[in-house]
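Protein chains in written order, with UniProt numbering: chain A, 1 to 403; chain B, 1 to 403.
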C-alpha cells in the first residue's frame, strides 16, 4: 500500500485488503452538492434539531459540573440511564438502569455486541436485505452469513429462521430491525414478533434488535418491540440519533446485567467511555421534559412528509411501481418495473433532475436480487416541495427508460 | 453466561470468555470514594478545564450551525484539521489536512489501526511495560506479543527491536509512547528515536506512535516525535484529552493519505463519525487562539505538581526508592525496595491513609517482572497539599513494611 525506497510494502490485515468504502460514503459525498434534493441518506432533518434548548442545556452542564469534561465510568451516568428507563416504558419495555449500557451511538452498540458474540468465521443470521452498517461491522470477522427472505410489508421471514434453527444452525446472533426497517420501511407483524421472540428463547440464540426508528411512529397503534416480549435473549439497541440528533453520538443497549462487565471491557478498548458532556446534556434535556414534545413534533413533521411522498409516488411513478406505507421510520422502499436499470436511473436523476436516492441493491447480502429493481427513498430530510419535485423528476426518468 | 429455562447458555466469543475487567475500571471505582487522594488514574485536573470558554464556543456552534448536530463525513471537519496541522508544527511535524484522520479519542485511533493492520494471532511488538489500553485493544486478536525491555530513563530498548527485526520477525506494528511514557514517565533519547525511525523505514514495519503527552512538556527543550523523523512508516496518534479535556472525545491520527479510505471503513463501522458538535467546538476554541495559553497554564501547573511530588518522594520515601524526573506527561514511576509487597501497600494506603496509586505490575506484559516492586504515581490530578500528604502516607507504609 505504501512503499519505502527499498520497495517494502505496508501489509494490511487480509480482510482490510479486500475492504471497499461503503456506498454510504459515496452518497455522503454526492449529496454534499449544493442544491441537490437528497432522498439518499437516512438523515434526520437538521432544521428540526432543538438547537437552542440543547445549547442551553449543554452550557448549563459545562458551567455547573467540572466533571462534565472529565473521563468517567459508564456507571456514573445514572441520571441519563433513569431517563432512558422511563423512555423505554413507552415502548412497553420494563428494565432497570443496571441493564442499560451507554454507547457512542447505536452503531457502536451493534459493533460491541458483534465483538463479544462472534468468533472469526462464525455464523450470523440476518435478512437478505438489511442495514449496511451491520454488514460493515461483520466484515473483519469474515463470517458465514445465514440469510432469510424478507417481506416489504411484514419484514423478516421468521418461518425461514425457524427452519434454519431447527436444522441445527446456531448462529452467534440474529440481527433484525423490528420497526421502520432500513431500507424496507417495514415493521414486523405481531405474529412474527411473537414467534421470533419464542425462537430466541427456545434455541438460546441472542437477537440484536436494532431500534432507531421505534419512536418515529406515524400510526395510532405501535406494536411492542421484541425486547418487550423476551427480556433475556433479546439485546435491544436504542439511539438518540433519530429522535434527538446524531451529533450527540449517544445510544444505549438494554442487555442482561451479567453482560455488563464484558461489555465494559470492549467499550473501554474502543473509546474509553462515552462523552460525559454529551451524556449530561442529553440527561438535562430529558429531565426538563423536552423530549416528549420533540417526539410529537418529529412524528407530525415526518409523518406529513411520508404522506406527501406517497402521494407524489402515486401521482408520478408508473402504475407498475409498488410501495408500502411505512408505519415507522424514514424510508419508503419502491419496487420498480423490471425494465428499470437502477444505476443508470440514479446517474440521470442526479445529473438531469438534481435528485438522489439509494439503489436497493446496496443493501443486499450476497446472492440476493431483491434490491435489483428497487430504491430506498428517505422522506425525513427534504421539504414538501422538494419531495414533490424530486419524485416527479424520478418518475419522468423511469418513464423514459420504458423506451 | 445467561441461561434459559431449558438450560441453554449464552455463548460468547472465545476471547471474551477469558476477558477480565481492566484494573483501570477497578481503580475508577475505587477512586470514586469521596475524599480519597488519588495518584491512581491518569486523569487531567478538572479544575483546569476551560469550561467557561468551551461553553461559549459550543453554544455559538450550536446556535449558528444547524449541521453541528447532524451526521457528517470526516472530510468536512476541515477547519479542525487545519488547526491540528498548525498545532503539529510545534512538535516539529509537517503534515497536511489530508493526512489527518479524526477519531473519538486517541483510544479509538489505536483500536482502528490495530483492526486495520493486525491479523488474528498475528505479531505485535511492544515494550514489556506499556499502556494497558493498548493491550486491551489487542486482546480479541490473541496476538503473539514480541516484547522488548524498557528503561525507566530512556525508554524502549531499540537495540532489542533491531535484533528481533534482523532475526526475521515482521510484526504487524510496533507500539510506542515516545514522550511521557505511560506508566514510566520516560521520554526516549534522541539516539533511540533516530534509530527506531530508521528501523521502521528499513524493515517496512509501521510504528504506532501514541503521543498524548508530547505537549505536556516541563523542560525548555523538547525532542521531536518519531513522526518528525520518519513521515511514512510512523502513524502518529494525538489527543485532546490531556491538553484540553477528555470529555470532548476527540483525537487524531497522522497517516499516509493512501490509508484514509481503509480507515474510514473501520471508523464508520465503529461509530459512523466523530461528533460534529464536539469537533466544531474544539475547532472554534483553537481558532480563537485559546489553546496556546491553555497549554502554557497546564505546563506551569502540572510542572509545579511534578516538582512537589518529586520533592515529597525525596523527603518521605526510603532512600532505596528510585525515581526519574519525567520531562513530560503525568506520571512518576517509583521503583521500590524488594521487601515491599505492592498489593498490600495499595490496600493499606487506601484504607489507612486514604490515598491510591497504581501497582506497577498492572502495566506488565506476560513474563515481565519489572513492575513487581514499582508504582505509577499520577501528579496532575491532586493539589500540592494532597501530594505532600499522600506521598508522606505512602512513605510511612513502605517503612512499616521494612519490618
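All residues carry an ideal CB built from backbone N, CA and C; glycine is no exception.
Review point. In chain order, what residues of the same chain lie with their CB nearer than 6 angstroms to the CB of residue 158 of chain B, ignoring the 5 residues before and after it?
Key: So the qualifying residues of the chain are 192, 195 and 196.
Exercise for review: Would you be able to state if there are at least three C-beta pairs under 8 angstroms between the stretch 387-403 of chain B and the stretch 297-311 of chain B?
Suggested key: Segments in contact, yes.
Check your understanding: What are the residues that DSSP puts in a beta bridge with residue 378 of chain B?
Key -> Partner(s): B/331.
Review point. What residues in its chain sit with their C-beta under 6 angstroms from that of residue 109 of chain A, if we drop five residues either side in the sequence?
Key: Here residue 109 of chain A has 103, 237, 251 and 253 as same chain residues with Cβ atoms under 6 angstroms from its own Cβ, once five neighbours each way along the sequence are excluded.
Point to revise | Contact the stretch 84-99 of chain B vs the stretch 216-234 of chain B: 3+ CB pairs below 8 angstroms | key: Touching, yes.
Review point. Going by DSSP, which residues form a beta bridge with residue 217 of chain A?
Key: Per DSSP, the beta-bridge partners of residue 217 of chain A are A/328.
**Study point:** DSSP three-state assignment for residue 370 of chain B, whether helix, strand or coil
**Key:** Residue state, collapsed to three classes: coil.
Exercise for review: Check the Cβ-Cβ distances between residue 119 of chain A and every residue of chain B, and say whether any is below 7 angstroms.
Suggested key: Residue 119 of chain A has a beta carbon lying within less than 7 angstroms of a beta carbon in chain B.
Practice item. Note the first and the last residue of the continuous alpha helix (DSSP H) segment covering residue 271 of chain B. Key: For residue 271 of chain B, the enclosing alpha helix (DSSP H) has its first and last residue at 260-271.
Review point. Can a CB atom of chain B be found closer than 7 angstroms to the CB of residue 132 of chain A?
Key: No, its Cβ sits nowhere closer than 7 angstroms to a Cβ of chain B.
Check your understanding: Would the stretch 344-357 of chain A and the stretch 275-284 of chain A be scored as touching if the rule is three or more Cβ pairs under 8 angstroms?
Key -> Touching, no, given that fewer than three Cβ pairs across the two stretches are closer than 8 angstroms.
Practice item. Determine the DSSP secondary structure at residue 189 of chain B, reduced to helix, strand or coil. Key: Correct three-state label for residue 189 of chain B: coil.
Exercise for review: Tell me where the alpha helix (DSSP H) around residue 285 of chain B begins and ends.
Suggested key: Where residue 285 of chain B is concerned, the enclosing alpha helix (DSSP H) stretches over 276-287.
Practice item. Using only alpha-carbon positions, find the residue among A/72, A/235 and A/54 that is nearest to residue 249 of chain B. Key: Cα-wise, what sits closest to residue 249 of chain B is A/72.
**Study point:** residue 407 of chain A: contacting residues in chain B (beta-carbon distance under 7 angstroms)
**Key:** Past the boundaries of the shown model lies residue 407 of chain A; chain A is included only from 1 to 403, so the question cannot be answered.
Exercise for review: Starting from residue 15 of chain A, trace the alpha helix (DSSP H) both ways and give me its first and last residue.
Suggested key: First-last of the alpha helix (DSSP H) with residue 15 of chain A: 14-18.
Review point. Which residues, taken in chain order from the stretch 349-379 of chain A, show a beta carbon closer than 8 angstroms to some beta carbon of chain B?
Key: The residues in question: there are none.
Exercise for review: Pull up the distance between the alpha-carbon of residue 219 of chain B and that of residue 324 of chain B, whole angstroms please.
Suggested key: Approximately 14 angstroms between the Cα atoms of the pair.
Review point. Can you give the Cα-Cα distance for residue 386 of chain B and residue 199 of chain A, rounded to whole angstroms?
Key: Rounded to whole angstroms, residue 386 of chain B to residue 199 of chain A spans 58 angstroms at the Cα level.
Practice item. Answer yes or no: does any C-beta atom of chain B fall closer than 7 angstroms to that of residue 277 of chain A? Key: Answer yes: the Cβ-Cβ gap between residue 277 of chain A and chain B drops below 7 angstroms somewhere.
Practice item. Take every Cβ of the stretch 288-305 of chain B, pair it with every Cβ of the stretch 145-161 of chain B, and state whether three or more of those distances are shorter than 8 angstroms. Key: Using a Cβ-Cβ distance cut-off of 8 angstroms, the stretch 288-305 of chain B and the stretch 145-161 of chain B are not in contact, since fewer than three pairs of beta carbons, one from each stretch, lie closer than that value.
Point to revise | Contact list for the stretch 8-22 of chain A against chain B, Cβ threshold 8 angstroms | key: Per Cβ criterion, the list reads 8, 9, 10, 11, 12, 13, 14, 16, 19, 20, 21 and 22.
Point to revise | Opening and closing residue of the alpha helix (DSSP H) in which residue 239 of chain B lies | key: Per DSSP, residue 239 of chain B lies in no alpha helix (DSSP H); the unbroken beta strand (DSSP E) holding it starts and ends at 234-239.
Practice item. Measure the C-alpha to C-alpha separation of residue 35 of chain A and residue 136 of chain A and round it to an integer number of angstroms. Key: Going by the C-alpha atoms only, they are around 30 angstroms apart.
Practice item. Starting from residue 343 of chain A, follow its DSSP beta bridges and name the residues at the other end. Key: In the DSSP output, where bridge partners are listed per residue, residue 343 of chain A has none listed.
Review point. Is residue 39 of chain A near residue 273 of chain A, with beta carbons less than 7 angstroms apart?
Key: The answer is no: Cβ separation not under 7 angstroms.
Check your understanding: Is the stretch 204-215 of chain A close to the stretch 177-185 of chain A, with three or more CB pairs under 8 angstroms?
Key -> Output reads yes: the stretch 177-185 of chain A touches the stretch 204-215 of chain A.
Exercise for review: Could you tell me if residue 405 of chain A is buried or exposed, where buried requires 16 or more neighbouring beta carbons within 10 angstroms of its beta carbon?
Suggested key: Nothing in the structure corresponds to residue 405 of chain A, since chain A is present only between 1 and 403.
Point to revise | C-beta neighbour in chain A for residue 105 of chain B, strict 7 angstroms | key: Residue 105 of chain B counts as touching chain A.
Review point. Among all the DSSP beta bridges, which residues are the ones paired with residue 155 of chain A?
Key: As a beta-bridge residue in DSSP terms, residue 155 of chain A pairs with A/151.
**Study point:** Secondary structure of residue 359 of chain B, DSSP reduced to three states
**Key:** Residue 359 of chain B: strand per DSSP, three-state reduction.
Exercise for review: Going by CA-CA distance only, name the one from A/149, A/396 and A/95 that's closest to residue 319 of chain A.
Suggested key: Comparing Cα-Cα distances from residue 319 of chain A to each of A/149, A/396 and A/95, the minimum goes to A/396.
**Study point:** Helix, strand or coil at residue 67 of chain B [DSSP, three-state]
**Key:** Assigned with DSSP and collapsed to three states, residue 67 of chain B falls in helix.
**Study point:** Beta-carbon gap between residue 171 of chain A and residue 124 of chain A smaller than 7 angstroms
**Key:** Yes, the Cβ-Cβ distance between residue 171 of chain A and residue 124 of chain A is below 7 angstroms.
Point to revise | Inter-residue CB distance, residue 48 of chain A and residue 297 of chain A (contact presumed, cutoff 8 angstroms) | key: The C-beta distance from residue 48 of chain A to residue 297 of chain A rounds to 7 angstroms, short enough to fall under 8 angstroms.
Check your understanding: For residue 190 of chain B, is the classification buried or exposed, using 16 other Cβ atoms within 10 angstroms of its Cβ as the cut-off for buried?
Key -> So residue 190 of chain B counts as exposed.
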